[in-house]
Ligand code: NAP
Ligand code: G4F
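Numbering (the numbering used here), first residue to last: 52 to 421.
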């Protein structure tokens with residue numbers, strides 16, 4: 052790994068070692084870590100954009116396994132800073148640019164709407180401008196979201212379904228989608244958006260509902276937590292595996308022409324279904340009682356293991372998401388491999404091991420805080 056904190060000082064051209072050069076924003080996140088791993092396996096040189104944080108080491112946990120690769124480089128930059136993005140594109144001259152960076156947690160977007168619009172929305176435009184000015188041949192992937200469909204106007208949702216975002220995050224992603232299409236049409240950039248439905252993994256951030264549930268189930272199994280507090284368990288999501296989805300991001304940049312695709316499994320499940328799978332996995336089947344915010348679930352001894360808390364409900368909910376991945380399947384032969392139950396079981400098993408190891412080593416057990 053090379054850490055290039057000031058790429059202005061580079062005196063040589065970037066080394067295009069075994070093949071193409073890719074820039075990845077959001078490299079320290081779930082998708083960025085899987086995508087970078089995949090691109091390195093394909094022989095790419097990867098430049099991962101990392102923003103400055105006070106504790107650089109802890110923020111890079113998901114890419115620690117990539118740091119030894121000679122083709123993996125960290126470059127300093129921020130989606131809110133035009134100059135840093137232009138420097139990166141001008142000096143690395145990428146063949147492909149994957150914009151995965153975002154303020155990606157929906158509830159946070161009501162707390163920090165301006166920041167979310169700036170990073171998640173305008174950040175995309177800043178990347179496109181950097182490419183238009185310094186590397187117009189570079190192919191651009193934008194991380195779109197099923198949150199763009201929001202209060203859905205059609206079931207299932209496909210590439211033609213109109214948008215109706217329900218949060219500042221969803222609105223920012225709609226802007227990012229439209230400006231990407233606009234740069235494709237007005238500047239002839241190879242720029243496209245993958246409209247990805249929820250995708251999860253053991254690398255998912257602990258504030259998102261699947262990981263909150265898998266980590267809580269593991270903690271409850273190991274008796275370091277008694278009860279899981281949750282929000283709206285009747286919301287439905289189309290959940291797939293992040294490792295399957297990043298391959299489609301790459302495929303979208305290998306097409307003859309740029310185009311936008313829905314990436315999803317075509318199945319939907321409630322948060323309640325997902326909790327049931329997780330607790331079955333730890334050998335604690337649940338029975339549900341009550342309604343609305345009074346809903347709760349007990350184990351076989353009658354102990355309350357899940358309770359709903361109004362704090363985790365949203366000002367405006369996206370009730371049901373289910374994507375139609377037909378175009379991706381037919382055009383590109385893509386299909387998701389990991390199914391819903393397998394995905395949740397994989398996450399619970401991983402957190403079981405994480406909690407078990409922490410207890411054995413006498414270390415602090417991670418807590419799902421949100
Ligand atoms: P994630 O784990 O939350 O990662 C977000 C990444 O963005 C992190 O690397 C973060 O860096 C970076 N970032 C945040 N603010 C930034 C800034 N100002 N400048 C540069 N980088 C910044 O998200 P993910 O689940 O991997 O999702 C990847 C992308 O897909 C996001 O754009 C998300 O909105 C979108 N998406 C995700 C899903 C899903 O289900 N996972 C579905 C549809 C779309 P730090 O580590 O420094 O915070
Ligand atoms: O896991 P979530 O926080 O994901 P959400 O809001 O669907 O957003 C994720 O997927 C989007 C794609 O559709 C991405 F664009 C976005 O970046 C992010 O990755 O919540 C899923 C559902 C919601 O309906 C929420 O209300 O779970 C419900 N939920 C119920 N209780 C909860 C909780 N969500 C969270 N985070 N925490 C709860 O306690």
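Backbone N, C-alpha and C define an ideal beta-carbon position, used for all residues, glycine too. None of these values were measured; they are calculated from a predicted model.
Test item: CB-CB of residue 228 and residue 281 under 7 angstroms: By 1-based counting over the chain shown, the position of residue 228 is 177. By 1-based counting over the chain shown, the position of residue 281 is 230. Going by C-beta atoms, residue 228 is not nearer than 7 angstroms to residue 281.
Return the CA-CA distance between residue 404 and residue 331, expressed in angstroms with no decimal places. Your numbering for residue 404 matches position 353 in the chain shown. Your numbering for residue 331 matches position 280 in the chain shown. Their backbone Cα atoms lie some 17 angstroms apart in a straight line.
Are there three or more Cβ pairs, one per stretch, closer than 8 angstroms when the region 265-272 is compared with the region 289-297? no
Nearest candidate by alpha-carbon position, reference residue 270, set 101, 377, 86, 400: Translated into positions along the chain shown, residue 270 becomes position 219. If we check each option's Cα against that of residue 270, 400 comes out closest.
Under a three-way DSSP split, which group does residue 296 fall into? One-based indexing of the chain shown puts residue 296 at position 245. It is helical.
Buried or exposed, going by whether 16 or more other CB atoms sit within 10 Å of the CB of residue 314? On the chain shown, residue 314 is found 263 positions in, with the first residue counted as 1. Result: buried.
Could you tell me the boundaries of the beta strand (DSSP E) in which residue 356 lies? Start at 1 with the first residue of the chain shown, and residue 356 comes out as number 305. Counting along the chain, the beta strand (DSSP E) containing residue 356 begins and ends at 355-359.
Got a sec? Which residues, its chain only, sit under 8 angstroms from residue 237 by beta carbon, not counting five neighbours each side? To locate residue 237, count along the chain shown from 1; it is residue 186. Closer than 8 angstroms at Cβ, skipping near neighbours: no residue.
Between 245, 169, 157, which has its C-alpha nearest residue 209's C-alpha? Numbered from its first residue, the chain shown carries residue 209 at position 158. Among 245, 169, 157, the Cα nearest to that of residue 209 belongs to 245.
With C-beta atoms as the reference, is residue 76 less than 7 angstroms away from residue 176? Position 25 of the chain shown, counted from the first residue, corresponds to residue 76. Position 125 of the chain shown, counted from the first residue, corresponds to residue 176. No, the pair does not count as a contact, with Cβ atoms beyond the cut-off.
Count the C-beta pairs between the region 155-170 and the region 115-124 that are closer than 8 angstroms, then say yes if the count reaches three, no if not. no
Quick check on this structure: which residue in 352, 110, 342 has the alpha carbon closest to the alpha carbon of residue 81? As a first step, residue 81 is located in the chain shown; it is residue number 30 there, counting from the start. Comparing Cα positions, the closest option is 110.
Among 367, 318, 274, which has the Cα closest to the Cα of residue 406? Taking the first residue of the chain shown as 1, we reach residue 406 at position 355. Checked all of 367, 318, 274; the closest Cα to residue 406 is 274.
With DSSP collapsed to three states, give me the class of residue 234. Counted from its first residue, the chain shown places residue 234 at position 183. Three-state DSSP puts residue 234 in a helix.
Return the residue from the list 374, 86, 201 that minimises the CA-CA distance to residue 222. As a first step, residue 222 is located in the chain shown; it is residue number 171 there, counting from the start. Closest by alpha carbon: 201.
Whole-angstrom C-beta distance between residue 147 and residue 185, which should lie under 8 angstroms: Indexing the chain shown from 1 puts residue 185 at position 134. Indexing the chain shown from 1 puts residue 147 at position 96. With 8 angstroms as the limit, residue 185 and residue 147 do not qualify as a contact, their Cβ atoms being about 14 angstroms apart.
Between which two residues does the beta strand (DSSP E) harbouring residue 161 extend? Your numbering for residue 161 matches position 110 in the chain shown. Not the beta strand (DSSP E): residue 161 falls in the alpha helix (DSSP H), residues 159-162.
Quick one: Cα of residue 415 to Cα of residue 409, how far? Within the chain shown, residue 415 is the residue found at index 364, counting from 1. Within the chain shown, residue 409 is the residue found at index 358, counting from 1. Residue 415 and residue 409: Cα-Cα distance of roughly 6 angstroms.
So, for residue 420: in the same chain, excluding its five sequence neighbours on each side, which residues have a beta-carbon less than 6 angstroms away from its beta-carbon? Position 369 of the chain shown, counted from the start, is the residue given in the question as residue 420. Nothing meets the Cβ criterion.
Nearest to residue 235 by alpha carbon, out of 260, 182, 118? Translated into the one-based positions of the chain shown, residue 235 becomes position 184. Cα-wise, what sits closest to residue 235 is 182.
Considering only residues of the same chain and omitting the five flanking positions on each side of residue 89, which have a CB-CB separation below 6 angstroms? Here residue 89 refers to the residue found at position 38 when the chain shown is read from its first residue. Once the five neighbours on either side are set aside, the close Cβ partners of residue 89 are 297.
Identify the residues that DSSP records as bridge partners of residue 116: which are they? Mapped onto the chain shown, residue 116 falls at position 65. In DSSP, residue 116 forms no bridge with anything.
Coil, strand or helix - residue 71 by DSSP: Taking the first residue of the chain shown as position 1, residue 71 is located at position 20. Correct three-state label for residue 71: coil.
Residue 149 (DSSP reduced to helix, strand or coil): For this step, residue 149 is matched to residue 98 along the chain shown. Residue 149: strand per DSSP, three-state reduction.
First and last residue of the beta strand (DSSP E) that includes residue 191? The residue given as residue 191 occupies position 140 in the chain shown. 190-196 is the extent of the beta strand (DSSP E) around residue 191.
Do residue 73 and residue 97 have their C-beta atoms within less than 7 angstroms of each other? Taking the chain shown and counting its residues from 1, one reaches residue 73 at position 22. Taking the chain shown and counting its residues from 1, one reaches residue 97 at position 46. Closer than 7 angstroms, so yes.
Extent of the continuous alpha helix (DSSP H) to which residue 85 belongs: The residue you call residue 85 lines up with position 34 of the chain shown. Here the alpha helix (DSSP H) through residue 85 covers 81-92.
Can you give me the C-alpha to C-alpha distance between residue 301 and residue 367, rounded to a whole angstrom? By one-based count along the chain shown, residue 301 stands at place 250. By one-based count along the chain shown, residue 367 stands at place 316. Distance between the alpha carbons of residue 301 and residue 367 is about 33 angstroms.
Going by C-alpha to C-alpha distance, which of 278, 195, 233, 317 sits closest to residue 359? In the chain shown, residue 359 corresponds to position 308, counting from 1. Residue 278 is the option with its Cα nearest to residue 359.
Mark residue 113 as exposed unless 16 or more other C-beta atoms lie within 10 angstroms of its C-beta, in which case mark it buried. Locating residue 113 in the chain shown gives position 62, counting from the first residue. Per the 10 Å Cβ criterion, buried.
Any non-hydrogen atom of the ligand NAP within 6 angstroms of residue 79 CB: The residue you call residue 79 lines up with position 28 of the chain shown. True, at least one ligand heavy atom lies under 6 angstroms from that Cβ.
To the nearest angstrom, how far is it from the Cα of residue 357 to the Cα of residue 284? Translated into positions along the chain shown, residue 357 becomes position 306. Translated into positions along the chain shown, residue 284 becomes position 233. Their backbone Cα atoms lie some 10 angstroms apart in a straight line.
List the endpoints of the continuous beta strand (DSSP E) containing residue 242. As a first step, residue 242 must be located in the chain shown, where it is residue number 191. Residue 242 -> beta strand (DSSP E) spans 242-247.
With a threshold of 6 angstroms (Cβ to nearest heavy atom), would residue 249 be considered close to the ligand NAP? Taking the chain shown and counting its residues from 1, the one referred to as residue 249 is at position 198. At least one heavy atom of the ligand NAP is nearer than 6 angstroms to the Cβ of residue 249, so yes.
Threshold first: 4 residues or longer. Then list the alpha helix (DSSP H) segments lying entirely within the region 351-414, N to C. 377-383, 391-412
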